[in-house]
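Under our numbering, the first residue of the sequence shown carries the number 2, and numbering increases by one thereafter.
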Amino acid sequence: MLIAERIKQLKEKKNAVILAHYYVPDEVQEIADYIGDSYYLSKIAKNTDANIIVFCGVSFMGESAAILNPDKKVLMPDAKADCAMAHMVNLERIAELKNKYADLAVVCYINSTAEIKTYSDVCVTSANAIKVIKNLPNKNIFFIPDGNLGRYVKEQLPEKNIILNDGYCPIHAAMTKEEVLSEKKKHPKAKFLVHPECTKELLDEADYIGSTSGIIEFVAKDGNEEYIIGTEIGVLYELKKQNPEKKFYTMSKDQICTDMKFVTLEKVLDVLENENNVVMVGEEMQKKALIPLERMLELAR
Ligand code: 13P
Ligand code: SF4
């Protein structure tokens, strides 16, 4: 029997749901019940009736699902799949800034560990960061961990004092202006679509800036025929599926999040069969980390 069929059978038998981020391999996206960006997947994880959530993504995604829905069993096909940026916060800096600004709100990108979330007032994703921060009563904001997304949000909200952290995504931050310009030269009619985790020099070249879902929605509504993609190559699966007549170009062979690619069909089957790699978040941490995640869902609504 084909591995995909076996997964389908087990999923039905065990009342499991498979969630996948746009960066996991194509064949995994193909068997998923829901594919999306971090914001969409967190809403699905919170509201599912399934007994088991198989989260095809990196650890902060599985952790967020377990925090939002503590009664469910959340399984990670590869327990080592992690996001480097999720750890890039110095907790002492949070304490220092809290002492300095009485009204400080610690705003935490969802790409962060459960522990970091416990020190935060509200979470955001790239799809809702501007809206959530705009809706906060606080003027002083410490945006963690991503300095690039933080800088982008700061530019959109000059009324706030957004203090930046120096975390970054190694994949998005490595994309260069030279690579974009070289692609633009080869494809002068192509629009450049970029994720806000990229550097300012890339964002300055963009025709559209947004989350993975934002990029996919932009292409669906846009009349152009060619696009240069400034994010991880996994989004190409959905982009090509929805727009078979359009052309998509990448800028370099390094637009790959290796950890996302750890997720394979074999590993999805393995966790469904054995119910291993269960995401464990201690009760106290779960309760504390739930507060900023729920506040995000409320303020982004
Ligand atoms: P999205 O929320 O835009 O899907 O981004 C998640 C991510 O990890 C980007 O690197
Ligand atoms: Fe983390 Fe970057 Fe991978 Fe996204 S692409 S999961 S931010 S390392």
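C-beta: ideal position from N, C-alpha, C; glycine also.
Bridge partners - residue i, DSSP secondary structure assignment
i: D147; result: G168
i: K192; result: Y228
i: H22; result: G37
Contact set for residue i: own chain, Cβ-Cβ below 6 Å, skip 5 residues either direction
i: N129; result: Y40, A301
i: C199; result: H173, M176, G231
i: K47; result: L69, N70
i: M89; result: P146, G168
i: L137; result: A106
Cβ-heavy atom distance, residue i to ligand 2, below 6 Å
i: C199; result: no
i: E276; result: no
i: V29; result: no
i: M86; result: yes
i: V59; result: yes
i: E233; result: yes
i: N112; result: yes
Rounded C-alpha distance that separates residue i from residue j
i: H188; j: E295; result: 43 Å
i: P159; j: M297; result: 21 Å
i: L105; j: I142; result: 6 Å
i: L165; j: E93; result: 14 Å
i: K185; j: D27; result: 26 Å
i: D201; j: N149; result: It is Lys, not Asp, that sits at residue 201 in the sequence shown. About 7 Å.
i: L266; j: T126; result: 27 Å
i: G211; j: C170; result: 15 Å
Cβ shell of residue i (< 7 Å), same chain only, five flanking positions each side left out
i: V236; result: Y23, T213, I216, I217, I230
Residue i beta carbon near ligand 1 (any heavy atom closer than 6 Å)
i: C170; result: yes
i: T259; result: no
i: S39; result: yes
i: S183; result: no
Chain-order list of residues whose beta-carbon lies under 8 Å from that of residue i (same chain, five-residue window excluded)
i: K81; result: D260, F263
i: V272; result: V55, L76, M77, P78, N278
i: K74; result: N52, I53, I54, E276, V279
CA nearest to the CA of residue i, picked from the options
i: V107; options: K73, C124, F193, E299; result: C124
i: E13; options: T265, D34, Q30; result: D34
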